[in-house]
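**Student:** As numbered in this note's numbering, the sequence shown has no gaps in its residue numbers, which increase by one up to the final residue, 396.
Ideal Cβ positions, reconstructed from N, Cα and C, are used throughout, including at glycine.
Pasting a structure here, questions to come.
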Amino acid sequence: MSDSKNDLTKLGLETQAVRGGQLRSMEREHAEPIYLTSSYVFESAGQAADTFSGEISGNVYSRYTNPTVRTFEERLALMEGGEAAVGTASGMSAILSTCMALLQAGDHIVASKSIFGSTVGLFNNYLGKFGIETSFVDLSDNSQWAEAIRPNTKMFFLETPSNPTIEVGDVLAISEIAKSKNILTVVDNCFCTPALQKPLELGADLVVHSATKYIDGQGRALGGAVVGHDEHIKELVAFLRTCGPTMSPFNAWVFLKGLETLKIRMKAHSDAATELANWLKDHPNVAKVNYAGLSDHPQYELAQKQMQHSGGVLSFELAKGKESAWKVIDNTQFLSITANLGDAKTTITHPATTTHGRLTEDQRLAAGISQGLVRVAVGLENIEDIKQDLDRGLLHC
Ligand SMILES: *Cc1c(COP(=O)(O)O)cnc(C)c1O
């Protein structure tokens, strides 16, 4: 298998997505098999002893290794351009495992303010309890990253573009600041996936994923992954083996199928979002549109350089606040009213009363989340139908 991996590093992302990591069994199956087994049997006591001691490599127990999960890990590592990857039970357990494996009490994290809500909760409420402090900075203000560094800073953590305001962070510049102080840069690449953005090639040390979103792409399964250097992934594997938030083999198989179509889906999501953003921008009842693919986006040049396409998520603001936002949402006929994203089905949400509902109004405004803000994660339906579904409410705002 490692031979095929070495060959595949030189091939295109589309080929890696379809061919990466597969090891055929004695049945010579064409599609990837699902190994739904918790443990593995040995030919003899001696073979069991040698496998347990690590003298010979082989599967022992699915908390340690599973062939379907391994295929997913190898494929994703290839696609992100990383040395190795490890699958996890969810996106949050990918982030938790990264912190548990690579940090210790007394360490300090610098993170962008606009990261996923549960990540903020993990950093503040749980890592904080074990003596790891986090400072939050503006994603797109590089000087704030530099100024937040303390002697004990061990990790930079960012997510770009941000949710739901679609702010863009400069992965290359931020990782350079980190490198000069021996700090690890971790990028949550959930919104882009390697089809749009490869943070490791821009200097980041680790990429974390919620595979639940675009990697699955059809809202079926929870999972996550961490990709990076062998030395770091080894530490993560040790944590996962001991503590157990490993990826289910069935979910790994779902994600393998998702990866095969990732590139064409991400382009389709991006093309549709670009068209929708331009249509919204010209709509008389829309005050503002946040989308990295619009030329008036504050970091448009950076987004063009850093991302292959502009992604499937956008947000827009209605001048009359919550009443108008809810009117647009409640007048849709087929858009899914849900905070999820990365799905064939377009989703629509009101961040101020859902994903960011627990913040104070001041905290929300500081994060750019007004009562009039609506977020749309554009799916794969016909774009004219999506526009029409939004227009039912928009026309009366
Ligand atoms: C959903 C999400 C997560 C968490 O992933 P789960 O699979 O739900 O645990 C982390 N980061 C981002 C950006 C997300 O959108």
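Is it true that the region 71-83 meets the region 192-204, where meeting means three or more beta-carbon pairs spaced less than 8 Å apart?
**Tutor:** yes
**Student:** For E175, which of D329, I385 and D204 has the nearest alpha-carbon?
**Tutor:** Reading the sequence shown from its first residue, position 176 is the one you call residue 175. The residue with the shortest Cα to Cα distance from E175 is D204.
**Student:** Measuring only the C-alpha atoms, how far is R391 from N330?
**Tutor:** What you label residue 391 is simply residue 392 of the sequence shown in a count that begins at 1. What you label residue 330 is simply residue 331 of the sequence shown in a count that begins at 1. Using only the alpha carbons, I get a separation of about 6 Å.
**Student:** Please go through the same chain and pick out, in chain order, the residues whose beta-carbon is closer than 8 Å to the beta-carbon of N277, but skip the five residues on each side of it.
**Tutor:** Numbered from its first residue, the sequence shown carries residue 277 at position 278. Within the same chain, N277 has close Cβ partners L293.
**Student:** Which one of L121, K180, A376 and L171 has the shortest CA to CA distance from G202?
**Tutor:** Numbered from 1 along the sequence shown, position 203 holds the residue referred to as residue 202. Closest option to G202, Cα to Cα, is L171.
**Student:** Could you tell me if the beta carbon of N162 falls within a distance shorter than 8 Å of some heavy atom in ligand 1?
**Tutor:** Taking the sequence shown and counting its residues from 1, the one referred to as residue 162 is at position 163. Yes; taking the cut-off as 8 Å, the Cβ of N162 has a heavy atom of ligand 1 nearer than that.
**Student:** Could you work out which residue in L235, I385 and G311 is closest to T270 when comparing CA atoms only?
**Tutor:** Position 271 of the sequence shown holds residue 270. In the sequence as displayed, the identity of residue 270 is Asp instead of Thr. Nearest of L235, I385 and G311 to D270, Cα basis: G311.
**Student:** In the DSSP assignment, what residue or residues form a beta bridge with F156?
**Tutor:** Reading the sequence shown from its first residue, position 157 is the one you call residue 156. Its beta-bridge partners are A110 and V185.
**Student:** Is L95 helix, strand or coil when you go by DSSP?
**Tutor:** Here residue 95 is taken as the residue at index 96 of the sequence shown, counted from 1. Here L95 sits in helix by DSSP.
**Student:** Thinking C-alpha only, which one of G53, A351 and T159 is nearest A291?
**Tutor:** Within the sequence shown, numbered from 1, the residue matching residue 291 stands at position 292. A291 has its Cα closest to that of T159, out of G53, A351 and T159.
**Student:** Mind checking P163: buried by the 16 CB within 10 Å criterion, or exposed?
**Tutor:** Counting from 1 along the sequence shown, the entry for residue 163 is found at position 164. Label assigned to P163: buried.
**Student:** Ligand 1 and T64: does the residue's C-beta get closer than 8 Å to at least one heavy atom of that ligand?
**Tutor:** Position 65 of the sequence shown holds residue 64. Answer for T64: no, Cβ out of range of ligand 1.
**Student:** CB of F190 to nearest heavy atom of ligand 1: below 8 Å?
**Tutor:** Walking along the sequence shown from the start, residue 190 turns up at place 191. F190 Cβ: within cutoff of ligand 1.
**Student:** According to the neighbour-count rule (16 or more other Cβ atoms, all chains shown, within 10 Å of its Cβ), is N381 buried or exposed?
**Tutor:** Position 382 of the sequence shown, counted from the first residue, corresponds to residue 381. Looking at its Cβ environment, which holds fewer than 16 other Cβ atoms inside 10 Å, N381 is exposed.
**Student:** Taking 8 Å as the cut-off, is the CB of M91 close to at least one heavy atom of ligand 1?
**Tutor:** Working through the sequence shown from its first residue, we reach residue 91 at position 92. Under cutoff, so the answer is yes.
**Student:** Of the residues K326, L301, E259 and I385, which one's Cα is nearest the Cα of L138?
**Tutor:** Along the sequence shown, read from residue 1 onward, the residue named residue 138 stands at position 139. Closest in alpha carbon position to L138, among K326, L301, E259 and I385, is L301.
**Student:** Tell me whether H29 sits in a helix, a strand or coil according to DSSP, three-state version.
**Tutor:** The sequence position of residue 29 within the sequence shown is 30, counting from 1. In the structure shown, H29 sits in coil (DSSP, three-state: anything other than H, G, I, E or B).
**Student:** Going by DSSP, what residue range makes up the alpha helix (DSSP H) through L261?
**Tutor:** Position 262 of the sequence shown, counting from 1, holds the residue named residue 261. Unbroken alpha helix (DSSP H) run through L261: L261 to K280.
**Student:** Go to G392, then tell me how far its alpha helix (DSSP H) extends in each direction, as first and last residue.
**Tutor:** The sequence position of residue 392 within the sequence shown is 393, counting from 1. Counting along the chain, the unbroken alpha helix (DSSP H) around G392 starts and ends at I382 to L393.
**Student:** Do T118 and ligand 1 come close, with the Cβ less than 8 Å from some heavy atom?
**Tutor:** If you number the sequence shown from 1, residue 118 lands on position 119. It does: the Cβ of T118 is within 8 Å (strictly closer) of some heavy atom of ligand 1.
**Student:** Please return the same chain residues whose Cβ sits closer than 6 Å to the Cβ of K321, not counting the five positions on each side in sequence.
**Tutor:** To locate residue 321, count along the sequence shown from 1; it is residue 322. Excluding sequence neighbours, K321 sits near Q370.
**Student:** With a cut-off of 8 Å on the beta carbons, I'd call I214 and L258 a contact; round off their distance for me.
**Tutor:** The count along the sequence shown starts at 1 and reaches residue 214 at position 215. The count along the sequence shown starts at 1 and reaches residue 258 at position 259. That pair is a contact at about 6 Å.
**Student:** For my contact list, E54 and G19 are in at a C-beta cut-off of 8 Å; report their separation, rounded to the angstrom.
**Tutor:** Indexing the sequence shown from 1 puts residue 54 at position 55. Indexing the sequence shown from 1 puts residue 19 at position 20. Going by Cβ atoms, the distance from E54 to G19 rounds to 28 Å, so no, they are not a contact pair.
**Student:** Figure out for me which residue from E166, A351, S56 and S24 has the closest Cα to the Cα of A324.
**Tutor:** Within the sequence shown, numbered from 1, the residue matching residue 324 stands at position 325. Out of E166, A351, S56 and S24, A351 has the C-alpha closest to the C-alpha of A324.
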